[in-house]
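To start, the structure itself, in structure tokens.
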DNA sequence: CTTATTCCTATCGACTTGATAGGAATATAC
DNA sequence: GTATATTCCTATCAAGTCGATAGGAATAAG
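Protein chains in written order, with my numbering: chain A, 3 to 135; chain B, 3 to 135.
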């Protein structure tokens, strides 16, 4: 239950790898072999991390990826959300009007509480906690 | 991310239905039509809830299902675990020795912390909170 | 112009999930 | 003891998701 996708786990490893480089860049190939992540799969992950601005990519020879912020300012939540979207135990946590019971819907409050608990945890931990800088 | 299966959502609705009956029994058919849950699917869910002891089932004519404990003593965690197993963001949260880094593995500590946060929330809410008894 | 790299799109097999179907076991009622 | 209502067991199915692979286009350095 509540298992995390391989994609997200890979993303965290990749981000931790880049964090240890302190701003220097690494190619997808380097990260792939260092962290044991399938290259082509990793490419997609890095592209995704790039679109949300967590990493920067430079094309062409001598290109590569670099982290764009200090590890202590990158929350785990931002990485998880970049991969698998926002925490949403049930669909209706985002659509207030969907339920017939409206604001009085107890299950909805329950699920929103769960989302908040998860977001709070993931939002309070940073890459620095993981990368052992 | 972290979406809850339809099965678990159905199970909660079914349990809430039984909770409002205060110990009286209901057939799967009744619950199915009252809560809008596919009958055959629901049967499997109730069987599963029975194996963990959350409900009792009586066969034959005039049979049905009844809740076995007071709603305020049934945690949401127990229902969720009955449906989809224990909260386990990554495999290694249960197998301490799997990781090469052993006890020093920071990601593992991170995931265990997430599990603990989720378990704490789900364990602190009960059926009573949902069923508006 | 060659080479190394990011980036884009398509595809694949395996697995999971929600749902359906048929029927066996069991208990009640008449 | 037969009909009926119900739980319970097993098998199956379609659709979707996921992890992974493949080929190649765009881009930049030298």
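Ideal Cβ positions, reconstructed from N, Cα and C, are used throughout, including at glycine.
Terminal residues of the continuous alpha helix (DSSP H) containing residue 57/A? In the first chain, counting from the first residue as 1, residue 57/A sits at position 55. Here residue 57/A belongs to no alpha helix (DSSP H); instead the beta strand (DSSP E) covers 57-60.
So residue 134/B contacts chain A; which residues on that side make the cut at Cβ distance below 7 Å? As a working note, residue 134/B is residue 132 in the second chain. What residue 134/B touches in chain A: 108.
If you scan the segment 66-97 of chain A from start to end, which runs of the beta strand (DSSP E) of 3 or more residues do you find wholly inside it? 66-69
What number of angstroms, rounded off, separates the C-alpha of residue 183/B from the C-alpha of residue 127/B? Outside the displayed range of chain B (3 to 135) lies residue 183/B, so it cannot be described from this structure.
Using a Cβ-Cβ cutoff of less than 8 Å, which residues in the same chain neighbour residue 2/B once the five nearest sequence positions on both sides are dropped? Residue 2/B falls outside the range modelled here, since chain B spans only 3 to 135, and no answer is possible.
Spatial neighbours of residue 209/B within its chain, please: C-beta separation below 8 Å, excluding the five flanking residues on both sides. Outside the shown range of chain B (3 to 135) lies residue 209/B, about which nothing can therefore be said.
Strictly below 8 Å CB to CB, what residues from chain B border residue 80/A? The residue labelled residue 80/A in the question sits at position 78 within the first chain. The contacting residues do not exist; residue 80/A stays about 12 Å from chain B at best.
Are the C-beta of residue 91/A and some C-beta of chain B separated by less than 8 Å? Here the question's residue 91/A lines up with position 89 in the first chain. True, the Cβ-Cβ gap to chain B drops below 8 Å.
Under three-state DSSP, which class holds residue 49/A? Translated into the one-based positions of the first chain, residue 49/A becomes position 47. The answer is helix: DSSP assigns residue 49/A an H, G or I state.
Length of the line joining the Cα atoms of residue 11/B and residue 124/A: For the purposes of this step, residue 11/B is identified with residue 9 of the second chain, where counting begins at 1. For the purposes of this step, residue 124/A is identified with residue 122 of the first chain, where counting begins at 1. Cα-Cα distance, rounded: 24 Å.
Does DSSP put residue 128/B in a helix, in a strand, or in coil? Numbered from 1 along the second chain, position 126 holds the residue referred to as residue 128/B. Three-state result, residue 128/B: strand.
Is the beta carbon of residue 23/A closer than 8 Å to that of residue 34/A? Here residue 34/A is taken as the residue at index 32 of the first chain, counted from 1. Here residue 23/A is taken as the residue at index 21 of the first chain, counted from 1. No; because the gap between Cβ atoms is not below 8 Å, this pair is not in contact.
Below 8 Å on the Cβ atoms is my guess for residue 5/B versus residue 73/A; work out the distance and round it to an integer in Å. Working through the second chain from its first residue, we reach residue 5/B at position 3. Working through the first chain from its first residue, we reach residue 73/A at position 71. No, residue 5/B and residue 73/A are not in contact; Cβ-Cβ is about 29 Å, not under 8 Å.
Closest by C-alpha distance to residue 130/B, when choosing among 105/B, 15/B, 3/B and 9/B: Position 128 of the second chain, counted from the first residue, corresponds to residue 130/B. Measuring from the Cα of residue 130/B, the nearest candidate turns out to be 15/B.
Tell me, please, whether the CB atom of residue 6/B is closer than 8 Å to any CB atom in chain A? As a first step, residue 6/B is located in the second chain; it is residue number 4 there, counting from the start. It does; some Cβ of chain A falls within 8 Å.
For a test of your reading of the model: does the CB of residue 77/B fall under 7 Å from any non-hydrogen atom of the ligand HEM? Yes or no. With respect to the ligand HEM, the structure offers nothing, as it holds no ligand at all.
Compare the Cα-Cα distances from residue 96/B to each of 114/B, 106/B and 108/B and report the closest residue. For the purposes of this step, residue 96/B is taken as the residue at position 94 of the second chain. Comparing Cα positions, the closest option is 114/B.
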